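Beneath this line is the structure, given in structure tokens, with notes to follow.
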Amino acid sequence: MPYYSIRLIGGSRTKHLDIKAQFNGRDADHTGVTSFFYVERSYDIGMMKRNAASLAGSKISVEVEEINEDEFDWMKRRARR
């Protein structure tokens, strides 16, 4: 299953948290930054970008990058600290 990092730029912290919750996203680091998180989905990258952009609306820019399972697992463990 593909893994993705999602970065949200602009908009409110509340909206970032809402988007992260929609994807059940995992924190990218232990600082609790809401605008950068990781998800695991069966979508291809094009569909992942479209889904994230549709949730974000016009005031938030979305960057989606496909990552490997090792990076996803490493960040998942790091976020638990």
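The sequence shown stops at residue 81 when you use full-length UniProt numbering, and every number in between is there.
For each residue, glycine too, the CB sits at the ideal point set by N, CA and C.
Remember, predicted model here, so these are calculated numbers, not experimental data.
At the level of alpha carbons, what is the spacing between residue i and residue j?
| i | j | result |
| --- | --- | --- |
| I6 | Y38 | 6 Å |
| E66 | Y4 | 4 Å |
| L17 | N68 | 24 Å |
| L55 | L8 | 11 Å |
| I19 | V62 | 11 Å |
Use the C-beta contact count for residue i: other C-beta atoms within 10 angstroms, 16 or more gives buried, fewer gives exposed.
| i | result |
| --- | --- |
| M48 | buried |
| S42 | exposed |
Can you tell me the Cβ-Cβ gap for residue i and residue j, rounded? I've got them flagged as a contact below 8 Å.
| i | j | result |
| --- | --- | --- |
| K59 | G25 | With a Cβ gap of about 19 Å, K59 and G25 do not count as contacting. |
| M1 | E40 | 6 Å |
Q: Please go through the segment 21-77 and give each complete beta strand (DSSP E) segment of 3 or more residues, from N-terminal end onward.
A: 36-40, 61-67
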